[in-house]
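This report refers to the structure that appears directly beneath it.
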Amino acid sequence: MVAASASIRRILVMTTILDSTLTAAQRSAVEHIDGPLLILAGPGSGKTRVVTHRIAYLTQQGVSPRQIVALTFTNKAADEMRHRVESLVTRAGEFHLSTFHRFCSRLLRRYASLVGLGEHFTIYDTDDSARALRHTLEKAGISNTTFSPRQIASEISRAKNNLVEADRYEPPNGLPLGTVVAEIYPLYQQQLLSASAVDFDDLLLHVAVLLRENPELRKTLDEEFKYVLIDEYQDTNFAQYAILRALSQDHPNLAATGDPDQSIFGWRGANIENILRFEEDFPAVRVVRLEQNYRSTKSILRVADKLIVHNLNRKHKELFTDNPEGNPVELTCYVDQREEANAIARHIVEEIDSGRRRAQDFGIFYRINALSRTLELALREHGVPYQLVRGLEFFQRKEIKDIIAYLQLINNPSDDVAFLRTLNTPRRGIGKKTLQCLTRHSEEHGISLLESARSAGMIGQIAKRSAVRVATFVAIIDELSEKAAAPLEELMGLVMSNSGYHESLAHSDNEEDLERLANIEELLTLAREFDAQHPEAACLEVFLEEIALVGDTDDWEEETDRATLMTLHAAKGLEFPVVFLIAAEEGLLPHERSREDPDQIEEERRLLFVGITRAQQELKISIARRRDFRGQRRLTIPSQFLMELPRDELRMADSEGLGGYDGDEEPDAGAIARKVAKRHEAASGEAPPLTTAAELGKGQPIGGSRPIAETFSIDSESFHVGMPVAHPKYGLGKIAALSGPAQRRTATVNFVTAGVRKFRLHESPLRPVGRKP
DNA sequence: ATTCGCAAAGTTTTT
DNA sequence: CTTTGCGAAT
Numbered sequence: 004m005v006a007a008s009a010s011i012r013r014i015l016v017m018t019t020i021l022d023s024t025l026t027a028a029q030r031s032a033v034e035h036i037d038g039p040l041l042i043l044a045g046p047g048s049g050k051t052r053v054v055t056h057r058i059a060y061l062t063q064q065g066v067s068p069r070q071i072v073a074l075t076f077t078n079k080a081a082d083e084m085r086h087r088v089e090s091l092v093t094r095a096g097e098f099h100l101s102t103f104h105r106f107c108s109r110l111l112r113r114y115a116s117l118v119g120l121g122e123h124f125t126i127y128d129t130d131d132s133a134r135a136l137r138h139t140l141e142k143a144g145i146s147n148t149t150f151s152p153r154q155i156a157s158e159i160s161r162a163k164n165n166l167v168e169a170d171r172y173e174p175p176n177g178l179p180l181g182t183v184v185a186e187i188y189p190l191y192q193q194q195l196l197s198a199s200a201v202d203f204d205d206l207l208l209h210v211a212v213l214l215r216e217n218p219e220l221r222k223t224l225d226e227e228f229k230y231v232l233i234d235e236y237q238d239t240n241f242a243q244y245a246i247l248r249a250l251s252q253d254h255p256n257l258a259a260t261g262d263p264d265q266s267i268f269g270w271r272g273a274n275i276e277n278i279l280r281f282e283e284d285f286p287a288v289r290v291v292r293l294e295q296n297y298r299s300t301k302s303i304l305r306v307a308d309k310l311i312v313h314n315l316n317r318k319h320k321e322l323f324t325d326n327p328e329g330n331p332v333e334l335t336c337y338v339d340q341r342e343e344a345n346a347i348a349r350h351i352v353e354e355i356d357s358g359r360r361r362a363q364d365f366g367i368f369y370r371i372n373a374l375s376r377t378l379e380l381a382l383r384e385h386g387v388p389y390q391l392v393r394g395l396e397f398f399q400r401k402e403i404k405d406i407i408a409y410l411q412l413i414n415n416p417s418d419d420v421a422f423l424r425t426l427n428t429p430r431r432g433i434g435k436k437t438l439q440c441l442t443r444h445s446e447e448h449g450i451s452l453l454e455s456a457r458s459a460g461m462i463g464q465i466a467k468r469s470a471v472r473v474a475t476f477v478a479i480i481d482e483l484s485e486k487a488a489a490p491l492e493e494l495m496g497l498v499m500s501n502s503g504y505h506e507s508l509a510h511s512d513n514e515e516d517l518e519r520l521a522n523i524e525e526l527l528t529l530a531r532e533f534d535a536q537h538p539e540a541a542c543l544e545v546f547l548e549e550i551a552l553v554g555d556t557d558d559w560e561e562e563t564d565r566a567t568l569m570t571l572h573a574a575k576g577l578e579f580p581v582v583f584l585i586a587a588e589e590g591l592l593p594h595e596r597s598r599e600d601p602d603q604i605e606e607e608r609r610l611l612f613v614g615i616t617r618a619q620q621e622l623k624i625s626i627a628r629r630r631d632f633r634g635q636r637r638l639t640i641p642s643q644f645l646m647e648l649p650r651d652e653l654r655m656a657d658s659e660g661l662g663g664y665d666g667d668e669e670p671d672a673g674a675i676a677r678k679v680a681k682r683h684e685a686a687s688g689e690a691p692p693l694t695t696a697a698e699l700g701k702g703q704p705i706g707g708s709r710p711i712a713e714t715f716s717i718d719s720e721s722f723h724v725g726m727p728v729a730h731p732k733y734g735l736g737k738i739a740a741l742s743g744p745a746q747r748r749t750a751t752v753n754f755v756t757a758g759v760r761k762f763r764l765h766e767s768p769l770r771p772v773g774r775k776p
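In the working numbering, the protein residues as written are 4 to 776.
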């Protein structure tokens, strides 16, 4: 009976797993069992499909699901993978399938004591960590450095990502920030340990150290997790790399999937070298390239490819597709962001009204969140339903964090950050002075703040009145702690009432307070759902871990029929039939902070690559001539990346009507797009859409006979490498290099159509296109 | 101890 | 234009 059903299942599995829809390359990855495997998967190449099928295949070949670990970076990716594995295998629940951080968190709970943590350690989010750091700075008496806690935190984070422990930290040469960090990092780490807390980076750091310093344990775990799969390998940092290697020594069955061209988290410590180096790390590796794209049209894919080949630090990859040619990619220039947003909204409305598309078919991407505003406004005005994907909204709200802090303190009484947060929230009249006494007392006796608070009455410097108030607070926490095992919703309700938090909000006629109350209601609902999912009691810690490791980026709903607005970073891993990519302008994409560093420019280029390759059928890139940003009106310069796109593949358009360009202004985005559009028209004999007849007559073809630089005299100082320039004869280009002294300053220019040429700057009609006002 | 007001700063953010 | 944090005033 059992055998029969097993063999039936086996047949079913066989047919679904190795069905004929797999290509040869995909199949070779799926059927790979032992030994290292590297899947270099281009965008839309069916990577997830391959990974899930391989998991199924492994079990079908007799590997126990318990020995398989599949790691992703996002919950969304983990959920999707789980979903898809479940449709292939029956025992899907037994796999270790989670995000990297969650996997580490579980491991760490098992072995917490080995790294000096309590079993009930708290996971701090970025905000909590910042508070811990600030508290540490205060205790150390170096609160008035030139560096912000944020800067310090990010340097500590960088160190942790690179597996540099507190006692081994050395300031990178000449970095003034480093000296401060060298001093504060050990104290901060000590603070975390004594509070029995970890920050996000610690989850990785501790596990990596654990594996490094306990060879026996490492061996055990290597054995336990025989088959490790890691998704988005290009985004791993050094700590993650170390963990993966430690788990793949005796059983080097590490399967990594990734795409170096989609590495966009370098600024968070991700090291693209990890994937580029994989073949050296595991010489016996089997490399599978998935280069066929099943997502995008040919024309979209060509544009993506032409862009990404400009990256120098890159493995060549051939992208191709059997999909139809599709419409040309559009590049439109608008007068300002208002018009850009309105045009997009209008277009979406038209498409929906005509029945060609649904709202959910549209994705709108931008480089920074601040750009979403105008879009939202326009979409609302046009009645387009939309959803805005923005990480960490709900759980970062003050009131939510307040309530959570109570729960954290109940779960882990050593948690000083939670103590600090709750002590005087709501207002209990406990002030700075009292707090200082408590802090000093806990330092002197090596005990937690809550422990100190218990003996507040005995501490001389604390006034009677204050001591009573502190005692009241301790009593509240103690009372709540007795209910720690109660269902979450109940516990949370008790927190609300006993702490006086509810009262402090309920009796307010302040609208904001009422909203806060509503948010807390939502949290209670969440708790109720959680209770339902975890009928066994004592799930407080699980809940806390859940909300620490789940951002609410997951509130993006695939199901609902709404257009989606998000940053380019958030768009990774998703796809939309129609993609709008706005504000392809210098300073925004690439972002101005990336300008100096060529590596960062390459990352920005990859970011655009990721955006482009999200599009299935249509891609519309846009710029605005003028953009109001931070309250300032600025003329824009089109992104240097636009120069790298294949001109003859793009449909250029300029939305501007009559009389917009008065000739007095510096040449700007509008002028350029118009000119390029005109040039394109001349080349193809086809008028670009959206361009008025009047407009066509006005544009100045760059490659035309009339010089356009006669009135410009520009000193050589105003040129720099990477700058877009125009030449009356050769058209648009980009400065590839500069050399020579002022008088003989020479620029090497890479022209879009005319190749590479050199010029003496003060003799040539070469000029910058557009300039900041 | 709390509150109010002004100054300064302001990417991206899987966890 | 925002938001956020710190410092002075009540």
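Backbone N, C-alpha and C define an ideal beta-carbon position, used for all residues, glycine too.
{"Query": "Taking 8 Å as the cut-off, does the segment 198-216 touch the segment 153-170 (at least 3 CB pairs, one atom from each stretch)?", "Result": "yes"}
{"Query": "If you draw a straight line from the C-alpha of Ser2 to the C-alpha of Leu494, how long is it?", "Result": "Residue numbering for the chain in the displayed model covers 4 to 776; residue 2 lies beyond these limits and cannot be assessed."}
{"Query": "According to DSSP, is Phe368 part of a helix, a strand, or is it coil?", "Result": "strand"}
{"Query": "Under three-state DSSP, which class holds Ala135?", "Result": "helix"}
{"Query": "Determine contact between the segment 99-108 and the segment 385-400, defined as no fewer than three beta-carbon pairs at a distance below 8 Å.", "Result": "no"}
{"Query": "Report the rounded CA-to-CA distance for Pro710 versus Leu769, giving the unit in angstroms.", "Result": "Note that Pro710 scores a pLDDT of 25, beneath 50, so its modelled location is shaky and nothing firm can be said."}
{"Query": "What does DSSP give as the partner residue(s) for Ile626 in the beta ladder?", "Result": "Cys336"}
{"Query": "Starting from the Cα of Asn345, find the closest Cα among Ser375, Asn326 and Ser458 and give me that residue.", "Result": "Ser375"}
{"Query": "Beta carbon of Thr570: closer than 6 Å to some heavy atom of the ligand SAH?", "Result": "The ligand content of the structure shown is nil, which means the ligand SAH is not present either."}
{"Query": "Alpha carbon to alpha carbon, how far is Leu250 from Gly503?", "Result": "49 Å"}
{"Query": "In angstroms with no decimal places, state the Cα-to-Cα distance between Val306 and Glu402.", "Result": "46 Å"}
{"Query": "Suppose contacts are defined by Cβ-Cβ distances below 7 Å. Is Ala80 in contact with Asn164 by that definition?", "Result": "no"}
{"Query": "Considering Phe579, what are the terminal residues of the beta strand (DSSP E) in which it resides?", "Result": "Phe579 to Leu584"}
{"Query": "Tell me which same chain residues have a C-beta within less than 8 Å of the C-beta of Ile275, skipping the five on either side of it?", "Result": "Gln237, Pro263, Ser266, Gly269 and Asn316"}
{"Query": "Does the distance from the C-beta atom of Glu282 to that of Val288 stay below 7 Å?", "Result": "yes"}
{"Query": "State the DSSP-derived secondary structure class of Val92, mapped to helix, strand or coil.", "Result": "coil"}
{"Query": "Rounded to the nearest angstrom, what separates Leu410 and Lys229 at their Cα positions?", "Result": "37 Å"}
{"Query": "Determine whether the beta carbon atoms of Ala273 and Asn240 lie at a separation below 7 Å.", "Result": "yes"}
{"Query": "Identify the residues that DSSP records as bridge partners of Phe632: which are they?", "Result": "Gln635"}
{"Query": "Along the alpha helix (DSSP H) that carries Met499, what are the first and last residues, could you check?", "Result": "Leu491 to Asn501"}
{"Query": "Once you ignore the five residues that flank Asp202 on each side, which residues in its own chain have a CB closer than 6 Å to its CB?", "Result": "Tyr127 and Ser132"}
{"Query": "If you count every other CB in all the chains shown that lies within 10 Å of the CB of Val231, and 16 or more means buried, which is it?", "Result": "buried"}
{"Query": "Let me know the beta strand (DSSP E) ranges lying completely inside the segment 284-310, each 3 residues or longer, listed in chain order.", "Result": "289-293"}
{"Query": "Taking Cβ positions, are Gln603 and Lys737 nearer each other than 7 Å?", "Result": "no"}
{"Query": "Alpha carbon to alpha carbon, how far is Pro327 from Gln619?", "Result": "11 Å"}
{"Query": "If I'm right that Arg628 touches Val338 with Cβ under 8 Å, what's the distance once you round it to whole angstroms?", "Result": "6 Å"}
{"Query": "Ignore the nearest five residues each way along the sequence and tell me which others in Pro331's own chain have a CB closer than 8 Å to its CB.", "Result": "Ser302, Glu652, Leu653 and Arg654"}
{"Query": "When DSSP builds the beta bridges, which residues end up paired with Phe323?", "Result": "Gln295"}
{"Query": "Around the C-beta of Val183, are 16 or more other C-beta atoms found within 10 angstroms, so that it is buried, or is it exposed?", "Result": "buried"}
{"Query": "What residues match up with His594 in a beta bridge as DSSP calls it?", "Result": "Gly590 and Leu591"}
{"Query": "Among the residues of its own chain, which have a CB less than 7 Å from the CB of Asn522, if the five just before and after it don't count?", "Result": "Arg400, Glu402 and Ile403"}
{"Query": "With a 10 Å radius around its C-beta and 16 neighbouring C-beta atoms as the bar for buried, classify Asn1 as buried or exposed.", "Result": "No information on residue 1 is available, as it lies outside the stretch 4 to 776 that the chain covers here."}
{"Query": "Kindly list the residues whose CB is nearer than 7 Å to the CB of Asn372, restricted to its own chain and excluding five residues on each side of it in sequence; keep chain order.", "Result": "Arg393 and Thr570"}
{"Query": "Where does Asn522 sit, in a helix, a strand or coil, going by DSSP?", "Result": "helix"}
{"Query": "Helix, strand or coil for Ser782? Go by DSSP, reduced to three states.", "Result": "The question about residue 782 has no answer, for the chain in this structure spans 4 to 776."}
{"Query": "What is the C-beta distance between Ala259 and Leu41, in whole angstroms, given that I count them as a contact (C-beta under 8 Å)?", "Result": "5 Å"}
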